[in-house]
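K.L.:
For reference, the structure I am asking about is given below.
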Amino acid sequence: MATVSGGFLTTGQAAKLLGSSRQQVVNLCERGDLPFVRVGAHRKVRREHVEALLRPEQALTRDQLKSLWLHQAVAGGLVVDPDGVLGKARENLDRLLRQHQGTMAEVWLRRWQEKIDEGIGAVLRTLTSEDPEAVELRQNSPFAGVLSQPQRLKVLEAFKRRGWDRAA
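Read in order, the letters of the sequence shown are residues 0 to 167 in numbering that gives the first Met the number 0.
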């Protein structure tokens with residue numbers, strides 16, 4: 000008999016995590032809403048797939064998508080010129096932190112400071128991620144001026160051409 004381990008759960012274990020019945024987990028599997036493998040007559044599901052059901056993703060708004068596209072372009076510049084891009088971000092952060100003392104923006108700017116201190120990998124993940132924290136951080140971005148005006152306009156034109164202007 001084949002065995003599956005490492006991150007796989009029984010339907011009963013998945014039901015417990017979801018706060019549902021085992022039959023409801025089986026129904027999710029049969030509808031294709033929860034990927035599974037068979038081990039003999041039993042279904043096994045990956046823990047990360049079950050946990051993903053507990054935190055459904057929200058669609059990004061049009062403005063959030065546009066910001067994501069612009070920041071992905073910044074990420075491209077970051078891998079080409081890390082010192083220049085991070086230097087510009089630090090310069091902007093210093094100015095913005097003085098301007099926004101005692102506001103909620105200061106909280107997000109300090110979080111950017113932490114990301115920059117963590118290194119290029121943390122900054123790249125934040126620039127390109129769709130997770131809620133990254134979305135919020137991009138609304139308080141210290142990367143103004145990293146893209147030239149022609150680069151920025153090219154990104155925005157590409158964004159429009161791809162139909163994202165009809166997003167949420």
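We treat Cβ as the ideally placed atom computed from N, Cα and C, and that holds for glycine. Computed from a prediction, not measured in an experiment: that's the story for all the values here.
What's the C-alpha gap between glycine 39 and valine 49?
P.N.:
Roughly 21 Å between the two C-alpha positions.
K.L.:
Quick one, which of Lys65, Trp107 and Ser20 has its alpha-carbon nearest arginine 160's?
P.N.:
That would be Lys65, whose Cα lies nearest to the Cα of arginine 160.
K.L.:
Closest to glutamine 12 by CA distance: which of Arg46, Asn26, Pro34 and Gly31 is it?
P.N.:
Considering only alpha carbons, the answer is Arg46.
K.L.:
Would you call the CB atoms of tryptophan 107 and leucine 85 closer than 9 Å?
P.N.:
No. Outside cutoff.
K.L.:
Have a look at serine 140 and alanine 51 and give me their C-alpha separation to the nearest angstrom.
P.N.:
Computed Cα separation, rounded: 28 Å.
K.L.:
To the nearest whole angstrom, what separates the beta carbons of isoleucine 119 and leucine 77, a pair I think is in contact under 8 Å?
P.N.:
With 8 Å as the limit, isoleucine 119 and leucine 77 qualify as a contact, their Cβ atoms being about 7 Å apart.
K.L.:
The alpha helix (DSSP H) with leucine 155 in it runs from where to where?
P.N.:
Leucine 155 -> alpha helix (DSSP H) spans 148–160.
K.L.:
For the alpha helix (DSSP H) that valine 134 lies in, which residues bound it at each end?
P.N.:
It spans 131–137 - the alpha helix (DSSP H) in which valine 134 sits, taken as one unbroken run.
K.L.:
May I ask which residues mark the beginning and end of the beta strand (DSSP E) holding arginine 37?
P.N.:
Counting along the chain, the beta strand (DSSP E) containing arginine 37 begins and ends at 36–38.
K.L.:
Can you grab the Cα-Cα spacing for the pair lysine 87 / aspartate 80, in whole Å?
P.N.:
Going by the C-alpha atoms only, they are around 11 Å apart.
K.L.:
Applying the criterion that 16 or more other CB atoms from any shown protein chain within 10 Å of the CB defines a buried residue, is leucine 8 buried or exposed?
P.N.:
Buried.
K.L.:
In the DSSP assignment, the alpha helix (DSSP H) including threonine 9 goes from what residue to what residue?
P.N.:
Premise fails: threonine 9 lies in the beta strand (DSSP E), 7–9, not in any alpha helix (DSSP H).
K.L.:
By the three-class DSSP mapping on this structure, what secondary structure does histidine 48 have?
P.N.:
In the structure shown, histidine 48 sits in a helix (DSSP, three-state: H, G or I).
K.L.:
Going by DSSP in three states, arginine 21 sits in which element: helix, strand or coil?
P.N.:
DSSP places arginine 21 in helix when its eight states are reduced to three.
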